[in-house]
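So the structure is just underneath, and the comments pick up after that.
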Amino acid sequence: MSWEPAGLTGKHTSAAKHETSILEITSVEVGVVAIKGLNSNYYLAISRKGELYGAREFGVDCKLKERIEENGYNTYASAEWKNKKRQMFVGLNVHGKPLRGMKTRRKKTATHFLPIMV
Numbered sequence: 087m088s089w090e091p092a093g094l095t096g097k098h099t100s101a102a103k104h105e106t107s108i109l110e111i112t113s114v115e116v117g118v119v120a121i122k123g124l125n126s127n128y129y130l131a132i133s134r135k136g137e138l139y140g141a142r143e144f145g146v147d148c149k150l151k152e153r154i155e156e157n158g159y160n161t162y163a164s165a166e167w168k169n170k171k172r173q174m175f176v177g178l179n180v181h182g183k184p185l186r187g188m189k190t191r192r193k194k195t196a197t198h199f200l201p202i203m204v
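Given below as structure tokens:
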């Protein structure tokens, strides 16, 4: 996942774009993290409507609950907002485009991410 001039994306076609996909995960409080693109300096955020976007400044939309799933992958849900009492997760479709939080569920593989140390 990375931020580019065209927007948030999860798919790369060349090794030259590797630098844009480096993300920094910082603990904000117990079980809550902030994800920041090192190249863009934007924070990953989920709006009240469930839309993923990049925020220049850290705010309530940027707080994400991190959970390590049984399969070893991580999921990230909005710590602030819910949709009809259901959590809204960070997710990417098969083409690397962000899914709206209202369409995501914890068990969907589109919401599973594997952090790798760089």
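Take 87 as the starting number for the sequence shown in our numbering and just add one per residue.
By construction, the Cβ of each residue, glycine as well, lies at the ideal position given by its N, Cα and C atoms.
Just so it is clear, the structure is predicted and the values come from calculations on it, not from any experiment.
Going by DSSP, what residue range makes up the beta strand (DSSP E) through residue i?
i       : result
Ile-132 : 129-132
Gly-177 : From DSSP, Gly-177 is part of no beta strand (DSSP E); its letter is neither H nor E.
Arg-192 : First-last for Arg-192: undefined, no H or E at that position.
Glu-227 : Nothing in the structure corresponds to residue 227, since the chain is present only between 87 and 204.
Glu-121 : Looking at the sequence shown, residue 121 is not Glu but Ile. Run containing Ile-121: 118-123, per the beta strand (DSSP E) assignment.
Between residue i and residue j, is the Cβ-Cβ spacing less than 8 Å?
i       : j       : result
Val-118 : Ile-111 : no
Val-176 : Leu-130 : yes
Ser-126 : Gly-145 : no
Ile-121 : Leu-150 : yes
Arg-134 : Trp-167 : yes
Quick test of your reading: residue i and residue j, contact by CB under 8 Å. State the CB separation rounded to the nearest angstrom.
i       : j       : result
Pro-201 : Leu-138 : So it is not a contact: roughly 17 Å between Cβ atoms.
Gly-136 : Arg-186 : 5 Å
Leu-178 : Ala-165 : Not quite, the Cβ-Cβ distance comes to about 20 Å (not below 8 Å), so this is no contact.
Shorter than 7 Å, the distance from the beta carbon of residue i to the closest heavy atom of the ligand HEM, or not?
i       : result
Asn-169 : This structure lacks the ligand HEM; in fact it carries no ligand of any kind.
Evaluate the contact criterion for the region 148-166 versus the region 183-193: three or more CB pairs, one atom per stretch, below 8 Å.
yes
What are the uninterrupted segments assigned as beta strand (DSSP E) that are 3 or more residues long and contained completely in the region 136-180, given in chain order?
138-141, 150-154, 160-169 and 172-175
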